[in-house]
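S.K.: From first to last, the protein sequence lines are chains A and B. Under the numbering used here, residues 16 to 514 are what the first sequence spells out, in order. Under the numbering used here, residues 16 to 514 are what the second sequence spells out, in order. Using N, Cα and C, we set each Cβ at its ideal position, and we do this for glycine too.
Protein chains: 2
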Amino acid sequence: MPEEESLDPQNWDTLKQLGHRMVDDMIEYLKTVGERPAWQPVPEEVKVRFKRPLPIEPQSWEQIYQDFCQDVQPFLKGNIHPRFWGWVEGTGTPFGMFAELLAAGLNPNVNFGDQSPVYVEMQVLDWCKQMLGYPDEASGLIVGGGSEANLIGLAVARNAKANFPVAQEGLQSAPQKLTVYGSDEMHNSIQKAVQLLGLGSDSLRRIPVNADFRVDVATLQAAIAEDRDRGHQPFCIVGNAGTVNSGAIDDLESLADIAQDEGLWFHVDGAFGALAALAPKLRTLLKGMERADSLAFDLHKWMSVPYEAGCVLIRHAKQHHETFSPSGAYLAHVTRGAAAGPIWFGEYGIQLSRGFRALKIWMMLKEHGSAKYGRLIQQNADQARNLAKLIAAAPELELLSPVALNVVCFRFRDEKLNESQVNDLNREILMQLHESGVAVPSYTSLHGKYAIRVAITNHRSRREDFDVLLQEVIRRGRDISQRGSSKQSVWLCTNIRME
Amino acid sequence: MPEEESLDPQNWDTLKQLGHRMVDDMIEYLKTVGERPAWQPVPEEVKVRFKRPLPIEPQSWEQIYQDFCQDVQPFLKGNIHPRFWGWVEGTGTPFGMFAELLAAGLNPNVNFGDQSPVYVEMQVLDWCKQMLGYPDEASGLIVGGGSEANLIGLAVARNAKANFPVAQEGLQSAPQKLTVYGSDEMHNSIQKAVQLLGLGSDSLRRIPVNADFRVDVATLQAAIAEDRDRGHQPFCIVGNAGTVNSGAIDDLESLADIAQDEGLWFHVDGAFGALAALAPKLRTLLKGMERADSLAFDLHKWMSVPYEAGCVLIRHAKQHHETFSPSGAYLAHVTRGAAAGPIWFGEYGIQLSRGFRALKIWMMLKEHGSAKYGRLIQQNADQARNLAKLIAAAPELELLSPVALNVVCFRFRDEKLNESQVNDLNREILMQLHESGVAVPSYTSLHGKYAIRVAITNHRSRREDFDVLLQEVIRRGRDISQRGSSKQSVWLCTNIRME
Numbered sequence: 016m017p018e019e020e021s022l023d024p025q026n027w028d029t030l031k032q033l034g035h036r037m038v039d040d041m042i043e044y045l046k047t048v049g050e051r052p053a054w055q056p057v058p059e060e061v062k063v064r065f066k067r068p069l070p071i072e073p074q075s076w077e078q079i080y081q082d083f084c085q086d087v088q089p090f091l092k093g094n095i096h097p098r099f100w101g102w103v104e105g106t107g108t109p110f111g112m113f114a115e116l117l118a119a120g121l122n123p124n125v126n127f128g129d130q131s132p133v134y135v136e137m138q139v140l141d142w143c144k145q146m147l148g149y150p151d152e153a154s155g156l157i158v159g160g161g162s163e164a165n166l167i168g169l170a171v172a173r174n175a176k177a178n179f180p181v182a183q184e185g186l187q188s189a190p191q192k193l194t195v196y197g198s199d200e201m202h203n204s205i206q207k208a209v210q211l212l213g214l215g216s217d218s219l220r221r222i223p224v225n226a227d228f229r230v231d232v233a234t235l236q237a238a239i240a241e242d243r244d245r246g247h248q249p250f251c252i253v254g255n256a257g258t259v260n261s262g263a264i265d266d267l268e269s270l271a272d273i274a275q276d277e278g279l280w281f282h283v284d285g286a287f288g289a290l291a292a293l294a295p296k297l298r299t300l301l302k303g304m305e306r307a308d309s310l311a312f313d314l315h316k317w318m319s320v321p322y323e324a325g326c327v328l329i330r331h332a333k334q335h336h337e338t339f340s341p342s343g344a345y346l347a348h349v350t351r352g353a354a355a356g357p358i359w360f361g362e363y364g365i366q367l368s369r370g371f372r373a374l375k376i377w378m379m380l381k382e383h384g385s386a387k388y389g390r391l392i393q394q395n396a397d398q399a400r401n402l403a404k405l406i407a408a409a410p411e412l413e414l415l416s417p418v419a420l421n422v423v424c425f426r427f428r429d430e431k432l433n434e435s436q437v438n439d440l441n442r443e444i445l446m447q448l449h450e451s452g453v454a455v456p457s458y459t460s461l462h463g464k465y466a467i468r469v470a471i472t473n474h475r476s477r478r479e480d481f482d483v484l485l486q487e488v489i490r491r492g493r494d495i496s497q498r499g500s501s502k503q504s505v506w507l508c509t510n511i512r513m514e
Numbered sequence: 016m017p018e019e020e021s022l023d024p025q026n027w028d029t030l031k032q033l034g035h036r037m038v039d040d041m042i043e044y045l046k047t048v049g050e051r052p053a054w055q056p057v058p059e060e061v062k063v064r065f066k067r068p069l070p071i072e073p074q075s076w077e078q079i080y081q082d083f084c085q086d087v088q089p090f091l092k093g094n095i096h097p098r099f100w101g102w103v104e105g106t107g108t109p110f111g112m113f114a115e116l117l118a119a120g121l122n123p124n125v126n127f128g129d130q131s132p133v134y135v136e137m138q139v140l141d142w143c144k145q146m147l148g149y150p151d152e153a154s155g156l157i158v159g160g161g162s163e164a165n166l167i168g169l170a171v172a173r174n175a176k177a178n179f180p181v182a183q184e185g186l187q188s189a190p191q192k193l194t195v196y197g198s199d200e201m202h203n204s205i206q207k208a209v210q211l212l213g214l215g216s217d218s219l220r221r222i223p224v225n226a227d228f229r230v231d232v233a234t235l236q237a238a239i240a241e242d243r244d245r246g247h248q249p250f251c252i253v254g255n256a257g258t259v260n261s262g263a264i265d266d267l268e269s270l271a272d273i274a275q276d277e278g279l280w281f282h283v284d285g286a287f288g289a290l291a292a293l294a295p296k297l298r299t300l301l302k303g304m305e306r307a308d309s310l311a312f313d314l315h316k317w318m319s320v321p322y323e324a325g326c327v328l329i330r331h332a333k334q335h336h337e338t339f340s341p342s343g344a345y346l347a348h349v350t351r352g353a354a355a356g357p358i359w360f361g362e363y364g365i366q367l368s369r370g371f372r373a374l375k376i377w378m379m380l381k382e383h384g385s386a387k388y389g390r391l392i393q394q395n396a397d398q399a400r401n402l403a404k405l406i407a408a409a410p411e412l413e414l415l416s417p418v419a420l421n422v423v424c425f426r427f428r429d430e431k432l433n434e435s436q437v438n439d440l441n442r443e444i445l446m447q448l449h450e451s452g453v454a455v456p457s458y459t460s461l462h463g464k465y466a467i468r469v470a471i472t473n474h475r476s477r478r479e480d481f482d483v484l485l486q487e488v489i490r491r492g493r494d495i496s497q498r499g500s501s502k503q504s505v506w507l508c509t510n511i512r513m514e
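#1: Determine whether the beta carbon atoms of residue 127 of chain B and residue 359 of chain B lie at a separation below 8 Å.
#2: So with CB distances below 7 Å, who are the chain A contacts of residue 134 of chain B?
#3: Less than 7 Å between C-beta atoms, sequence neighbours within five positions excluded: which residues of the same chain meet that for residue 393 of chain B?
#4: Who are residue 220 of chain B's beta bridge partners in DSSP?
#5: With 8 Å as the C-beta to C-beta threshold (strictly closer), list the residues of the segment 85 to 102 of chain A near chain B in chain order.
#6: Can you name, in chain order, every residue of its own chain whose Cβ lies under 7 Å from the Cβ of residue 84 of chain A, other than the five neighbours on each side?
#7: Is the CB of residue 510 of chain A under 8 Å away from at least one CB in chain B?
#8: Ignore the nearest five residues each way along the sequence and tell me which others in residue 421 of chain A's own chain have a CB closer than 7 Å to its CB.
#9: Find out if the Cβ-Cβ distance for the pair residue 424 of chain A, residue 415 of chain A is shorter than 8 Å.
#10: Between residue 181 of chain A and chain B, is the shortest Cβ-Cβ distance under 8 Å, so that the two count as touching?
#11: Pick from B:402, B:96 and B:229: whose alpha carbon is nearest that of residue 47 of chain B?
#12: Is it a yes or a no for the segment 241 to 255 of chain A touching the segment 162 to 177 of chain A, going by three-plus beta-carbon pairs under 8 Å?
#13: Any Cβ of chain B within less than 8 Å of the Cβ of residue 124 of chain A?
#14: Looking at residue 166 of chain B: is its Cβ nearer than 8 Å to the Cβ of residue 208 of chain B?
#15: For chain B, find out if any of its Cβ atoms is closer than 8 Å to the Cβ of residue 477 of chain A; answer yes or no.
#16: Compute the beta-carbon to beta-carbon distance between residue 87 of chain A and residue 133 of chain B, rounded to the nearest angstrom, for a pair I have assumed lies under 8 Å.
#17: Assuming residue 117 of chain A and residue 76 of chain A form a contact by the criterion Cβ under 8 Å, report the distance between their Cβ atoms to the nearest whole angstrom.
#18: Give the DSSP bridge partners of residue 284 of chain B, in chain order.
#19: Using beta-carbon positions only, say whether residue 104 of chain B and residue 316 of chain B come within less than 8 Å of one another.
#20: Given residue 459 of chain A, which residues of its chain have a CB within under 6 Å of its CB, disregarding the five upstream and five downstream residues?
#21: I'd like to check one pair, residue 304 of chain A with residue 328 of chain A: are the Cβ atoms closer than 8 Å?
#22: Please name the residue or residues paired with residue 154 of chain B in a DSSP beta bridge.
#23: Under 7 Å Cβ-Cβ, which residues of chain A neighbour residue 109 of chain B?
#24: With respect to the alpha helix (DSSP H) encompassing residue 61 of chain A, which residues constitute its N-terminal and C-terminal limits?
#25: Does residue 204 of chain A come within less than 8 Å of chain B when only Cβ atoms are used?
#26: Between residue 151 of chain B and chain A, is the shortest Cβ-Cβ distance under 8 Å, so that the two count as touching?
#27: Would you please verify whether the beta carbon of residue 146 of chain B is less than 8 Å from any beta carbon of chain A?
#28: Touching or not, the segment 447 to 461 of chain B and the segment 41 to 60 of chain B, by the rule of three or more beta carbon pairs under 8 Å?
#29: Indicate, with yes or no, if the ligand COA has a heavy atom lying under 7 Å from the CB of residue 431 of chain B.
#30: May I ask you to report which of helix, strand or coil DSSP gives residue 237 of chain A?
#31: Any idea which residues DSSP pairs residue 413 of chain A with across the strands?
#32: Applying a beta-carbon distance threshold of less than 8 Å, which residues of chain A neighbour residue 385 of chain B?
#33: Determine the DSSP secondary structure at residue 498 of chain A, reduced to helix, strand or coil.
#34: Determine the direct distance from the alpha carbon of residue 340 of chain A to that of residue 497 of chain B, and round the result to whole angstroms.
#35: Please compile the residues from chain B whose C-beta is within a distance smaller than 8 Å of the C-beta of residue 115 of chain A.
#36: Any beta carbon from chain B within less than 8 Å of residue 474 of chain A's own beta carbon?
So this is what it looks like as structure tokens:
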């Protein structure tokens, strides 16, 4: 018989030394992150190396780590940088990084079992409920992120509210069309979920928003009534606690009232906004969220937990469990041995095998405490409000939406240009901000206007970072605008593909 | 204005030192893992600490790490131990642990962007195709695990095969019932997916298996014909490449032929078995897998990548993309700046924000090379076959299913006992194996017989570990059996709740 091998190292000490080097390098890297460009493109020669075929034979640790340092580490999108405010992304933390080291070392499968990782996740779920004022008896699950959390919430909603056995018979047996309601500004993961669940995007009613980008409640009520008149079965309202475009928070109290009156499921997509509940001055904006039947939110955004970490909480534990618990002989429950334990998380979501995401949340909540998170969320909201003030005070800048929470949409303006030219100009400004490595805001379209969009969920950002942003926008805006008068192609050749 | 705070450390050097300690401790822990019990229960006093409320104020790193060392680290289910063969779980590796450190330090959101993590994932997907002989032009996604991969495969199947606009109109508009086929032994994630997709579990046809636990192909064909006669629309066949219960691999070539003849989608659930393609002597068992329209498999099982890492490959990239790409203004694509880049992974699966799971796969494939993985998978298969031989040679043991790959199901027998008593006896043996910390096999029910189930996907297991297992099963079997003759309650009070 051949000698048996393993994937463990021949020389543990050498690997330990490499581990120390990685720790040193990464700490130095994170400490100095603000001194480097917020973003730089991946060079062509690096892209070529990412085309190399499957390694058949082993490479040395030294070589692999060098590949990492040379080709991977320098070329990030920038979300750990103090001047990154694109989309809505998380920053992460050094201590969170170490928590991931520990989680990967223990490498538990957190599906079930009488094992500490299961208890850690249960505690983290309890803490999430406590942070958001959600009932203790709710069930929940730590998931990969808000999209998965939304999908789980809507799945339970569908199964709980359908007036026929949808899990067994499927939607083919639906006596009525099941309809869902949310604002025009809701996240695309809602549409994804509705389609995945077999409801069809036609059943998703996109209700217009007011000037403040919050759902128009009267229109929502009318849409429900109209659907009932048509013989459909309205079953779910989706409320936004922080829209992606503008950070708007729907009137959740009114939505909860309507859901209650109409007998609908109330799902709140609180992807990043839900955690604003930790900030005493912001909490009031979220009034009504605690009445949701299901609540989805991320921890890898405003809590800076390293990717991935999201959470879904469900007020009705039994319906939650029923939606995700088909049985199998090999999944029989026991009360003794390694497979005992208080819960089978695999019966509350899509995943069966599950990693130990809860550990980083557990360690980081202990590290900072919820009060500090509240202060930092307030700090980002204050930074947004301050930025909006500076924009309002600058004659060349225009604020494009009110600041509801932490998102600031604005543009450079030049009265000599028409709307289309102003759009092109701002697109060029944004590209130059990225390409120069100065900052990474993102962009959106608000009422047809191209907006530079600053979404602040970044614990590394300081007042002066926003000053740099505005200085650079104005400087570049003027510069492009001047050059543009003589040579329009400079800002028109941005080759944008909007979809 | 108040002074601004951040989540970064005040003292980077102190944190660096803690990182070094964690590295040292974890390396020592993994090096000596086999010297500790495979499992031990979580003590009551530890459970009590996991009930403590949300921390409002910060705790020291020292305290948090001590909590981890005291309450978390010692109480695992055992899957990193050399004598863990329960369910189908992965072992992880020390180098994989360091890869997770680096991934969490960089903390990218691998949705889109001109950033190296996107290229790393593309390369890993290419490598996965190369490992499994799957076409280069296929699309794919690194996901949390096999359940998510199965869901994605079936979602694309549904949308691609439905003869009506299912994404828009939903299944309410289905002119015919859409039916799916798989064996009795398929994984419960298939049923979960079918229910989630709104098809209803009634539409999932569970085709009986032969004595070797492979799907009966003739019965499958008859079931498809019968459904057509009834006016249904068969749309998908699910083939198993390694069932959970017994490791059986369906006749994938025949299933591919039927799917082709009938115009059905062919999905292969290769959760752990697919990677047997890396072992030259096993590859032939998987013939036909490369013809799948979609292929789901895990990397956190037989590749020992730390949790979580799975993959789905789809032969039809366009249909894959269409299934998961609702549009949104803030997700507009560009060709310059940080948001440029070759692909938007968020448009190929459930998640939008996505962690850097690809890094650990990338680093571990470089570390070992695919050839070594092939040898280790073969080693596990050889260990299973060898174990089966030892069982067959032991008069007190009985093999309960043929060894197709790496799963061995067996029991202790005692001719003085009836079937029900033998079941109880073996249940007690298993519990004692766990409770003594000797080993963690799991259990299943095969044709009504309680089976001790050994699923070997463990790179740390050695021949002598299996010798220990059998010695202990026989010793304990005899012991319980003898005591049982005088005091039957010893093995009847196991308080099992089978579901």
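M.R.: Let's see:
#1: Walking along the second sequence from the start, residue 127 of chain B turns up at place 112. Walking along the second sequence from the start, residue 359 of chain B turns up at place 344. Cβ atoms of residue 127 of chain B and residue 359 of chain B: closer than 8 Å.
#2: As a working note, residue 134 of chain B is residue 119 in the second sequence. The answer, in chain order, is 57, 62 and 65.
#3: Against the second sequence, residue 393 of chain B aligns to sequence position 378. Here residue 393 of chain B has 294, 296 and 297 as same chain residues with Cβ atoms under 7 Å from its own Cβ, once five neighbours each way along the sequence are excluded.
#4: As a first step, residue 220 of chain B must be located in the second sequence, where it is residue number 205. The partner list for residue 220 of chain B (beta bridge, DSSP) reads B:196.
#5: Per Cβ criterion, the list reads 86, 87, 88, 89, 90, 91, 92, 93, 94, 95, 101 and 102.
#6: Working through the first sequence from its first residue, we reach residue 84 of chain A at position 69. Once the five neighbours on either side are set aside, residue 84 of chain A has no close Cβ partner at all.
#7: By one-based count along the first sequence, residue 510 of chain A stands at place 495. Its pLDDT being 36, under 50, residue 510 of chain A is placed unreliably in this model, and the value from its coordinates should be taken loosely. Answer yes: the Cβ-Cβ gap between residue 510 of chain A and chain B drops below 8 Å somewhere.
#8: Along the first sequence, one-based indexing puts residue 421 of chain A at 406. Once the five neighbours on either side are set aside, the close Cβ partners of residue 421 of chain A are 262, 395, 396, 399, 470, 471 and 472.
#9: Residue 424 of chain A sits at position 409 when you count from the first residue of the first sequence. Residue 415 of chain A sits at position 400 when you count from the first residue of the first sequence. Cβ distance < 8 Å, so residue 424 of chain A and residue 415 of chain A count as in contact.
#10: The residue given as residue 181 of chain A occupies position 166 in the first sequence. For residue 181 of chain A, the answer is yes, since a Cβ of chain B falls inside 8 Å of its Cβ.
#11: Here the question's residue 47 of chain B lines up with position 32 in the second sequence. Residue 47 of chain B has its Cα closest to that of B:96, out of B:402, B:96 and B:229.
#12: As far as the Cβ criterion goes, the segment 241 to 255 of chain A touches the segment 162 to 177 of chain A, which means the pair count is three or higher.
#13: Taking the first sequence and counting its residues from 1, the one referred to as residue 124 of chain A is at position 109. Any Cβ of chain B closer than 8 Å to the Cβ of residue 124 of chain A would place that residue at the interface, and such an atom is present.
#14: In the second sequence, counting from the first residue as 1, residue 166 of chain B sits at position 151. In the second sequence, counting from the first residue as 1, residue 208 of chain B sits at position 193. Between residue 166 of chain B and residue 208 of chain B, the CB-CB gap stays under 8 Å.
#15: As a first step, residue 477 of chain A must be located in the first sequence, where it is residue number 462. Yes - at least one Cβ of chain B is within 8 Å of the one on residue 477 of chain A.
#16: Taking the first sequence and counting its residues from 1, the one referred to as residue 87 of chain A is at position 72. Taking the second sequence and counting its residues from 1, the one referred to as residue 133 of chain B is at position 118. Rounded, the Cβ-Cβ distance is 11 Å, inconsistent with contact.
#17: The residue labelled residue 117 of chain A in the question sits at position 102 within the first sequence. The residue labelled residue 76 of chain A in the question sits at position 61 within the first sequence. Rounded to whole angstroms, the Cβ separation of residue 117 of chain A and residue 76 of chain A is 21 Å, and the two are not in contact under 8 Å.
#18: Position 269 of the second sequence holds residue 284 of chain B. Residue 284 of chain B is bridged to B:255 and B:311.
#19: Locating residue 104 of chain B in the second sequence gives position 89, where the first residue counts as 1. Locating residue 316 of chain B in the second sequence gives position 301, where the first residue counts as 1. At the C-beta level, residue 104 of chain B and residue 316 of chain B come within 8 Å of one another.
#20: Working through the first sequence from its first residue, we reach residue 459 of chain A at position 444. The residues 260, 466 and 468, in chain order, have a CB closer than 6 Å to that of residue 459 of chain A in the same chain once the five nearest residues on each side in sequence are set aside.
#21: One-based indexing of the first sequence puts residue 328 of chain A at position 313. One-based indexing of the first sequence puts residue 304 of chain A at position 289. The answer is no: Cβ separation not under 8 Å.
#22: Looking up residue 154 of chain B in the second sequence gives position 139. Beta-bridge pairing links residue 154 of chain B to B:329.
#23: Against the second sequence, residue 109 of chain B aligns to sequence position 94. Proximity of chain A to residue 109 of chain B at the Cβ level (cut-off 7 Å) is accounted for by 23, 24 and 30, in chain order.
#24: Locating residue 61 of chain A in the first sequence gives position 46, counting from the first residue. Note, residue 61 of chain A: alpha helix (DSSP H), 59 to 64.
#25: Counting from 1 along the first sequence, the entry for residue 204 of chain A is found at position 189. Cβ-Cβ to chain B under 8 Å: yes for residue 204 of chain A.
#26: Counting from 1 along the second sequence, the entry for residue 151 of chain B is found at position 136. Contacts with chain A at 8 Å (Cβ-Cβ) do not include residue 151 of chain B.
#27: Taking the first residue of the second sequence as 1, we reach residue 146 of chain B at position 131. By the rule that beta-carbons nearer than 8 Å mark a contact, residue 146 of chain B touches chain A.
#28: By the criterion of at least three beta-carbon pairs nearer than 8 Å, the segment 447 to 461 of chain B is in contact with the segment 41 to 60 of chain B.
#29: Among the components of this structure there are no ligands whatsoever, and the ligand COA is therefore not found.
#30: Locating residue 237 of chain A in the first sequence gives position 222, where the first residue counts as 1. If DSSP states are grouped into helix, strand and coil, residue 237 of chain A belongs with the helices.
#31: Here residue 413 of chain A refers to the residue found at position 398 of the first sequence. DSSP lists A:426 as partners of residue 413 of chain A.
#32: Within the second sequence, the letter at position 370 stands for residue 385 of chain B. Residues of chain A whose Cβ lies closer than 8 Å to the Cβ of residue 385 of chain B are, in chain order, 69, 70 and 71.
#33: In the first sequence, residue 498 of chain A corresponds to position 483, counting from 1. In this structure, DSSP gives residue 498 of chain A a helical state, which the three-state scheme calls helix.
#34: Position 482 of the second sequence, counted from the first residue, corresponds to residue 497 of chain B. Position 325 of the first sequence, counted from the first residue, corresponds to residue 340 of chain A. About 39 Å.
#35: To locate residue 115 of chain A, count along the first sequence from 1; it is residue 100. For residue 115 of chain A, the chain B residues whose C-beta falls within less than 8 Å of its own C-beta are 115, 116, 118 and 119, listed in chain order.
#36: In the first sequence, counting from the first residue as 1, residue 474 of chain A sits at position 459. For residue 474 of chain A, the answer is yes, since a Cβ of chain B falls inside 8 Å of its Cβ.
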